[in-house]
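So the structure is just underneath, and the comments pick up after that.
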Amino acid sequence: MSEKITKESIIKSLLDTAFYKSAGGTSLSDIAESLGIKKASLYNHFESRSDIIERATSSCAEYLKSISFIPAEIENVAKKYPVETVLKGIVSRYVKMHEKAPLFQIYTFVESQKYFDIKTAQIIKEENEKLESQTEIVLECLLNLEKIKITKEQIPGISKWFCAGINDFLNRRLLERKQVVVQNPKSGEGELFTLQSDDKGIDEINRLVEQFSRLLCA
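Sequential numbering of the sequence shown, starting at 201, is according to this note's numbering.
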């Protein structure tokens with residue numbers, strides 16, 4: 201293989217292979233085969249399969265920390281657009297980010313490992329907390345602009361409820377999209393998945409956001 205093998209390429213291979221086989225079902229032979237190398241070559245970079253899994257978990261954690269639910273310019277966005285438009289925009293952006301590589305593979309890997317690894321469970325806990333805290337920022341911006349009719353004390357509880365709905369939708373959405381990829385492997389080739397657009401799912405979450413926005417403004 202002409203491409204140089206690195207720790208990063210091995211981790212990527214693990215995530216790509218685990219997407220189809222699960223982390224538990226992915227062997228060193230699977231990883232080596234996808235890279236076009238001998239299994240023994242993996243030991244030039246990692247001590248064991250467990251070492252690869254551990255490093256992949258750390259890599260996933262670092263990547264997820266770099267992902268933001270809300271744009272950096274959220275205050276300007278909140279000023280410029282109606283409540284419904286603001287919320288639809290950030291939710292749609294968040295969902296679509298998860299449908300592309302590498303976040304699709306990372307999300308699938310982390311979700312599949314959360315029941316078996318305490319570090320992975322902690323990653324998900326921290327991601328949920330980040331989602332909730334950033335939702336609180338959005339609601340505080342809208343409240344300060346007098347665009348929503350809730351109290352500041354209500355924001356944490358409302359944010360937790362809103363994020364629970366987003367996570368439930370995202371889990372169902374990606375499960376459906378993953379089945380499409382698994383049944384049509386070529387749709388997952390390349391850096392970005394080439395899945396056909398599915399507006400039905402986005403329409404569903406938009407309807408939920410519309411209802412949520414009406415409650416905030418009532």
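Beta carbons: idealized from backbone N, C-alpha and C, even for Gly. What you are looking at is a predicted structure, and each value in this text was computed from that prediction instead of being measured.
The three-state reading of DSSP puts S209 in helix, counting H, G and I together. In the displayed model, L345 falls within coil according to three-state DSSP, outside both helix and strand. Counting C-beta pairs closer than 8 Å gives fewer than three between the stretch 272-287 and the stretch 228-244, which falls short of the contact rule.
DSSP places S268 in no alpha helix (DSSP H); its state is neither H nor E.
Minimum Cα-Cα distance from K280 among the listed residues L342, L242, P356 and Q383 corresponds to L342.
Assigned with DSSP and collapsed to three states, A364 falls in helix. About 16 Å separates the CB atoms of I324 and F369; that is not less than 8 Å, and the two are not in contact.
With respect to the 8 Å criterion, E327 and S359 are not classified as neighbours on the basis of their beta carbons. Distances from the alpha-carbon of G365 to those of Y220, Q411, I348 and R255 put Q411 closest.
A direct Cα-to-Cα measurement between L287 and H298 gives close to 17 Å. By the Cβ-count criterion, F316 is exposed, with fewer than 16 other Cβ atoms from all chains shown falling within 10 Å of its own Cβ. Minimum Cα-Cα distance from Y220 among the listed residues V295, Q305 and I267 corresponds to Q305. If you look at S234, you'll find it in the alpha helix (DSSP H) that goes L228 to L235.
Taking every protein chain shown into account, the CB of I318 has fewer than 16 other CB atoms within 10 angstroms, so this residue is exposed. S333 and K239 have their C-alpha atoms some 43 Å from each other. Pairing R249 with T217, the inter-Cα distance amounts to about 14 Å.
Apart from sequence neighbours up to five positions away, the residues of its chain that approach Y307 with a beta-carbon distance below 7 Å are H298 and L374, ordered along the chain.
Per DSSP, reduced to three states, the secondary structure at A418 is coil, with no helix or strand assignment. Straight-line spacing of the CA atoms in C363 and S222 works out to 26 Å.
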